[in-house]
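Residue numbers (the numbering used here): 12 to 396.
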Amino acid sequence: MKDFIFHSPTKIIFGRGKNAEIGEELARDGVKKVLMIYGKGSIKRNGVYEEVTSSLNDNGISFVELGGIKPNPVLSMVYEGIDLARAEGCEAVLGVGGGSVIDSAKAIAAGIPYKGDVWDFYSGKGPSEALPIYAILTLSATGSEMNGNSVITRDDSMEKKGMHGGAITTPKVSIIDPSVQFSLPKEQTVYGAIDAITHVAEYYFNGSKELNFPDRLCESLIRTIIESTDVLLENPTDYDARAELAWSATMALNGMTAVGRGRGDWSSHQIEHALSAIYYIAHGAGLAIILPAWLEYTKDVNGDKIVQIGERVLGIKGNPEETIEELINVYAAWGAPVYLEDAGIPPSDAEKIAENGSIGYPLGSAKTLEKEDVVGVLKLASKSK
Ligand code: NZQ
Ligand code: ZN
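And the structure:
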C-alpha cells in the first residue's frame, strides 16, 4: 500500500427530511447572507426549493438566488454568480442540485475573493481561498458533495476542464436526502450510476498492484451501485435502494477509493469531457461509451484487474473480453448508449474529439495515452470496431 493523506472536511447529513436543517447549519457557522444557486427548475417541482428556503427564512438567513444552471455548466453563469454575490455581499455559496450546480457553486465561491479570472483555476492554478460552500444534493453521481473538484465548460472555446481545489473548495456541509431523488428521470439515475462506477474504475485500474481492502472496497461499491440501480429501474421510489446508491456514489469520489493507490488514471473522464463539451451529452452517457473501450485498449496492462473484477463483481470467470462485454450488457440493459453511434456521434469525428482542448496530454497513469491512442480508444467505442 502506498503512503497517503486522507482529509475530508465535509460534514455529511444524510436522511429523509434532512434538507430542512440547512438554515441551522448556516446560522451555527455565523453566515447571515448566502448566494443560493440551482438548476433549471426540478427543485421547484419536487419540493426541495420550498424546504430549503423555509429553513433559511426560519433561521434568519437572507439569500440571493441564481437559478438556471444547466447540465455541463458554463463559465458565463459562473461569472454572473460571482458578480451577483459580490454586489450583494454574500458570505457563503449554497448549491442546491446535482453535480452541475454544486460545481458551479465551487467556481463562484473560489472566484469571489480572487482578483484574476476564475478560469485560471481551470487552467492549472489552484485557488488559495474560497467562500464557504454548502450543498444540498439532489442527484447522486459526481461525488461533488464531498470533494474539492469542479468541472466547468468555457462557452467560447467549448473546453471542459476541472479545478481541483482540495479542502479549499470542498463543501463544509452537504445534505443528502435520498428521497428527493425519487423525481429523477430514469436516464439520470442510470447516468449517475455509470459516473460513480467510472470514478471507482479510475482508481481501481490506475496501474496499482492488487490490494486487499482498497480493491474490495471498490468492488463492493460497484456491486452495490449495480444492484441498487437494477432495483430503482423497477421501483424509482425504493428509499433503501436510493440511499445505498447515494452513499456509494459519494464514497466513489471522496478520496476513499484513492487510499493506498496513488493518483487515478482519469483518461476515460478526460476523453468523455471532450464528448460532452462538443456534443452536449450527459457525462454518464459519454462514460458508458468510453470506459469499456478504454478497458479494451488498456487490457495489456489492466488485464488481471479486469479478470479480478469480472470474477468478484460480475460473476464472469474468464478473460478480460468477457468482463468488458458484460459491463456493456449491463449498461445497454439500463438503456445507456454504449457506442458513439448510439449517442449520435459520428466515429469519423475521432480526430476532432482527440484534439479538443478538454484533453490535457499525456493522459493516464495505468497506460500513457497520446492523441493517436485516444483515436484508438474512440475506434473501439464504435459499433464497427
Ligand atoms: O437543472 P435541473 O432542473 O435541476 O435538472 C437536473 C438536470 O437536468 C436534473 N435533476 C437533478 N436532480 C433532480 C433532477 N431532476 C429531477 N429530480 C431531481 N432530484 O438532472 C439533470 C442533470 O443534472 P446534473 O447536475 O448536470 O447531473 P450530474 O450530477 O450528473 O452532474 C454532471 C456534471 O458534473 C461533472 C460532469 O462533467 C457534469 O458537468 N462532474 C463533476 C465531478 C466532480 N465535481 O467531482 C466529477 C465528475 O466526474 C464529473 O465530471
Ligand atoms: Zn465522472
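All C-beta atoms in this analysis are idealised placements derived from N, C-alpha and C, irrespective of residue type, glycine included.
Practice task
Assess, as a yes-or-no matter, whether the region 59–74 is touched by the region 217–235 under the definition of 3 or more beta carbon pairs within less than 8 angstroms.
Solution key: The region 217–235 vs the region 59–74: no contact.
Problem - C-alpha distance - Glu332 paired with Ile339, whole-angstrom precision - result: Position 321 of the sequence shown holds residue 332. Position 328 of the sequence shown holds residue 339. Approximately 11 angstroms, taken between the alpha carbons.
Exercise for the section: Check whether the Cβ of Asp206 sits closer than 7 angstroms to any heavy atom of the ligand ZN, and report yes or no. Expected result: Here residue 206 corresponds to residue number 195 of the sequence shown, with the count starting at 1. Checking the 7 angstroms criterion, the Cβ of Asp206 is within range of a heavy atom belonging to the ligand ZN.
Practice task
State yes or no: is the C-beta of Arg253 within less than 8 angstroms of the C-beta of Leu243?
Solution key: Here residue 253 refers to the residue found at position 242 when the sequence shown is read from its first residue. Here residue 243 refers to the residue found at position 232 when the sequence shown is read from its first residue. A contact, by the Cβ cut-off of 8 angstroms.
Handout entry: Cβ contact (3+ pairs, closer than 8 angstroms) linking the region 32–46 and the region 93–103
Key = The region 32–46 is in contact with the region 93–103.
Handout entry: Residue range of the unbroken beta strand (DSSP E) whose run includes Leu25
Key = For the purposes of this step, residue 25 is taken as residue 14 along the sequence shown, with counting starting at 1. For clarity, residue 25 is Phe in the given sequence; the question names Leu instead. Here the beta strand (DSSP E) through Phe25 covers Lys22 to Phe25.
Handout entry: Three-state class that DSSP yields for Asn158 in the structure shown
Key = For the purposes of this step, residue 158 is taken as residue 147 along the sequence shown, with counting starting at 1. In the structure shown, Asn158 sits in coil (DSSP, three-state: anything other than H, G, I, E or B).
Handout entry: His210 Cβ short of 7 angstroms to the ligand ZN heavy atom set
Key = By one-based count along the sequence shown, residue 210 stands at place 199. His210: yes, Cβ under 7 angstroms from the ligand ZN.
Practice task
Please find out if some non-hydrogen atom of the ligand ZN comes closer than 7 angstroms to the beta-carbon of His294.
Solution key: Position 283 of the sequence shown, counted from the start, is the residue given in the question as residue 294. Result yes, Cβ under 7 angstroms from the ligand ZN.
Problem - Proximity test, His175 beta-carbon vs the ligand ZN heavy atom, cut-off 7 angstroms - result: Here residue 175 is taken as the residue at index 164 of the sequence shown, counted from 1. Not under cutoff, so the answer is no.
Problem - 8 angstroms contact criterion, which Ile186 and Val89 should meet: CB distance rounded - result: To locate residue 186, count along the sequence shown from 1; it is residue 175. To locate residue 89, count along the sequence shown from 1; it is residue 78. That pair is no contact at about 23 angstroms.
Handout entry: Check whether Gly371 and Gly295 have beta carbons under 8 angstroms apart
Key = Your numbering for residue 371 matches position 360 in the sequence shown. Your numbering for residue 295 matches position 284 in the sequence shown. At least 8 angstroms separates the beta-carbon of Gly371 from that of Gly295.
Exercise for the section: For Ala361, collect the residues of the same chain with a Cβ closer than 7 angstroms to its Cβ; drop the 5 residues on either side in sequence, then sort them by chain order. Expected result: Sequence index remark: in the sequence shown, residue 361 carries index 350 (1-based). Closer than 7 angstroms at Cβ, skipping near neighbours: Val386, Leu389 and Lys390.
Exercise for the section: Just confirm the distance between the C-beta atoms of Ile119 and Leu46, as a whole number of angstroms; I'd bet it's less than 8 angstroms. Expected result: Position 108 of the sequence shown, counting from 1, holds the residue named residue 119. Position 35 of the sequence shown, counting from 1, holds the residue named residue 46. Right, the Cβ-Cβ distance comes to about 7 angstroms (below 8 angstroms), so this counts as a contact.
Problem - Bridge partner(s) assigned by DSSP for Tyr49 - result: The sequence position of residue 49 within the sequence shown is 38, counting from 1. Per DSSP, Val107.
Handout entry: Beta-ladder partner(s) of Met174, from DSSP
Key = Here residue 174 refers to the residue found at position 163 when the sequence shown is read from its first residue. Paired residue(s): Ser161.
Practice task
Please confirm if the region 73–85 is in contact with the region 286–305, defined as three or more CB-CB distances below 8 angstroms between the two stretches.
Solution key: Contact between the region 73–85 and the region 286–305 is present, because at least three Cβ pairs lie under 8 angstroms.
Handout entry: Segments of 3+ residues assigned as beta strand (DSSP E) that fall wholly inside the region 74–121
Key = The beta strand (DSSP E) runs lying completely inside the region 74–121 and spanning 3 residues or more are 103–108, given in chain order.
Exercise for the section: Put Val312 into one of helix, strand or coil per three-state DSSP. Expected result: As a first step, residue 312 is located in the sequence shown; it is residue number 301 there, counting from the start. Helix, per DSSP.
Problem - Short Cβ contact (8 angstroms threshold) for Gly110 with Ala152 - result: Translated into positions along the sequence shown, residue 110 becomes position 99. Translated into positions along the sequence shown, residue 152 becomes position 141. With respect to the 8 angstroms criterion, Gly110 and Ala152 are classified as neighbours on the basis of their beta carbons.
Problem - Asn217 vs Gly127 beta-carbon contact at 8 angstroms - result: Mapped onto the sequence shown, residue 217 falls at position 206. Mapped onto the sequence shown, residue 127 falls at position 116. No, Cβ-Cβ distance for Asn217 and Gly127 is not below 8 angstroms.
Problem - DSSP-derived helix/strand/coil call for Ser185 - result: Locating residue 185 in the sequence shown gives position 174, counting from the first residue. If DSSP states are grouped into helix, strand and coil, Ser185 belongs with the strands.
Handout entry: Boundaries (first-last residue) of the alpha helix (DSSP H) holding Ala254
Key = Position 243 of the sequence shown, counting from 1, holds the residue named residue 254. Note, Ala254: alpha helix (DSSP H), Tyr250 to Ala263.
Handout entry: Arg87 burial status per 10 Å Cβ neighbour count (16 or more: buried)
Key = As a position in the sequence shown, residue 87 is number 76, starting the count at 1. For the sequence presented, residue 87 should be read as Ser rather than Arg. Burial state of Ser87 is exposed, judged by a 10 Å Cβ sphere holding fewer than 16 other Cβ atoms.
Practice task
Say yes only if the C-beta of Ser231 is nearer than 7 angstroms to one or more non-hydrogen atoms of the ligand NZQ, and no if none qualify.
Solution key: Translated into the one-based positions of the sequence shown, residue 231 becomes position 220. Ser231: no, Cβ never under 7 angstroms from the ligand NZQ.
Exercise for the section: Going by CA-CA distance only, name the one from Asn160, Ile144 and Leu142 that's closest to Gly135. Expected result: Along the sequence shown, one-based indexing puts residue 135 at 124. Ranking Asn160, Ile144 and Leu142 by Cα distance to Gly135 puts Asn160 first.
Practice task
Count the other CB atoms, across all protein chains shown, that sit within 10 Å of the CB of Lys378; report buried if there are 16 or more and exposed otherwise.
Solution key: Taking the first residue of the sequence shown as position 1, residue 378 is located at position 367. Buried, because 16 or more other Cβ atoms sit within 10 Å of the Cβ of Lys378.
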